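Engineer: Okay, handing you the structure first.
As structure tokens, then:
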């Protein structure tokens, strides 16, 4: 009988990625990380493979809301020194789930520096979101300007988010230039879906358009609140969307609340 080949770290990685259960993926990834080879000539686990195995464990922790454990694994990923864009994105997300906004912003900055041009706008927009939560409005606007410069298809979203940051910094809706045009542009753009629904809902609320605000915020909450991963990474936005809808129901059209209430007390 031919001896069956032992599984390698890469085999365990493929099995982990293909399974539909984050918990099972983590078990397989742990086995892959413990792999020692089955004979002379076996090589150590490649750093890229090690990072991707750790990433499966990270995702399992995040899925189970073990946020500090996810953060600890993300730090191990960063220390490997490979795939720095991926590693720092995951570190940033872990920091953000813990409310560590400035740490998250710094990790997203590093991800942007290590990303190809096509993805830099996305990372600079993420920098802006974390700084917005930290109430660093001027720095958030600066990051959004970078996102606009790098963007090929998401400029309407970044411009609309700039308007939201200005509102939260204390400006009134009628003080923001071209706000109506900014909102209309995002409504017609593909990036008006997803996170764009959240931005549109808050901007409509600020303009006093109760029906449109509620419509967009409802869609945003429905799409994200029941998803195990997005409900964690977008927890602050989901809370704000729900709070804004409650205030709209109680008092009619109102300006959206400041994101400062999302900060951990």
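Numbering (the numbering used here), first residue to last: 41 to 305.
All C-beta atoms, glycine included, are put in the ideal place defined by N, C-alpha and C.
Here the structure is a predicted model, which means the values were calculated and not measured.
#1: Would you kindly work out how many angstroms separate the C-alpha atoms of residue 255 and residue 206, rounded to a whole number?
#2: Within a Cβ cutoff of 7 Å, which residues of the same chain sit near residue 135, ignoring the five residues on either side of it in sequence?
#3: Pick helix, strand or coil for residue 74, following the three-state DSSP scheme.
#4: Please name the residue in 70, 263 and 56 whose C-alpha comes closest to that of residue 234.
#5: Quick check on this structure: which residue in 54, 132, 137 and 140 has the alpha carbon closest to the alpha carbon of residue 149?
#6: Just the C-alpha distance for residue 273 and residue 137, rounded to the nearest angstrom, thanks.
#7: Indicate whether residue 261 and residue 197 have their beta-carbon atoms separated by less than 8 Å.
#8: Using the Cβ count rule (16 or more neighbours within 10 Å means buried), how would you classify residue 157?
#9: Inspect the beta-carbon positions of residue 127 and residue 96 and report whether they are closer than 8 Å.
#10: Using a Cβ-Cβ cut-off of 6 Å (strictly less than) and excluding sequence neighbours within five positions of residue 129, which residues of its own chain qualify?
#11: Residues in the same chain with beta-carbon distance under 8 Å from residue 227, minus the five sequence neighbours each way, listed in chain order, please.
#12: Could you compute how far the alpha carbon of residue 117 sits from the alpha carbon of residue 90?
#13: Exposed or buried, residue 121, counting other C-beta atoms within 10 Å across all chains shown (16 or more means buried)?
#14: Please determine, among 203, 283 and 224, the residue with the shortest C-alpha to C-alpha distance to residue 258.
#15: Using a Cβ distance threshold of 8 Å, determine whether the segment 96-106 contacts the segment 47-62, with at least three qualifying pairs required.
#16: For residue 212, which residues of its own chain have a beta-carbon under 6 Å away from its beta-carbon, when the five flanking residues on both sides are left out?
#17: The alpha helix (DSSP H) spanning residue 96 covers which residue range?
#18: Can you tell me the Cα-Cα spacing of residue 103 and residue 281, whole angstroms?
#19: Could you tell me which of 244, 63, 75 and 267 sits nearest to residue 51, measuring between CA atoms?
#20: When the Cα of residue 159 is compared with those of 176, 192, 141 and 168, which residue comes out closest?
#21: Beta-carbon within less than 7 Å of residue 252's beta-carbon, same chain only, minus the 5 sequence neighbours each way: which residues are those?
#22: What is the DSSP secondary structure of residue 122, reduced to helix, strand or coil?
Structural biologist: This is what the structure gives:
#1: So the two alpha carbons sit approximately 23 Å from each other.
#2: In its chain, beyond the 5 residues on either side, 111, 143, 144 and 147 have a beta carbon closer than 7 Å to the beta carbon of residue 135.
#3: Reduced to three states, the DSSP call for residue 74 is coil.
#4: Considering only alpha carbons, the answer is 263.
#5: Nearest of 54, 132, 137 and 140 to residue 149, Cα basis: 132.
#6: Going by the C-alpha atoms only, they are around 6 Å apart.
#7: Taking the C-beta atoms as reference points, residue 197 is found no nearer than 8 Å to residue 261.
#8: With fewer than 16 other Cβ atoms within 10 Å, it is exposed.
#9: Cβ distance not < 8 Å, so residue 127 and residue 96 don't count as in contact.
#10: Closer than 6 Å at the Cβ level, and outside the excluded window around residue 129, lie 151.
#11: So the qualifying residues of the chain are 240.
#12: Whole-angstrom Cα-Cα distance: 8 Å.
#13: Exposed: under 16 other Cβ atoms inside 10 Å.
#14: Out of 203, 283 and 224, 283 has the C-alpha closest to the C-alpha of residue 258.
#15: Enough Cβ pairs lie closer than 8 Å, so yes.
#16: If we look at residue 212 and ignore the five residues flanking it on each side, it has no Cβ neighbours.
#17: Residue 96: member of the alpha helix (DSSP H) spanning 87-103, first to last residue.
#18: If I take the Cα positions, the gap works out to 22 Å.
#19: Comparing Cα-Cα distances from residue 51 to each of 244, 63, 75 and 267, the minimum goes to 75.
#20: Of 176, 192, 141 and 168, the smallest CA-CA separation from residue 159 is found for 192.
#21: The beta carbon of residue 252 sits closer than 7 Å to the beta carbons of 244 from its chain, once the five residues preceding and following it are set aside; these are given in chain order.
#22: In this structure, residue 122 counts as coil in the three-state DSSP scheme.
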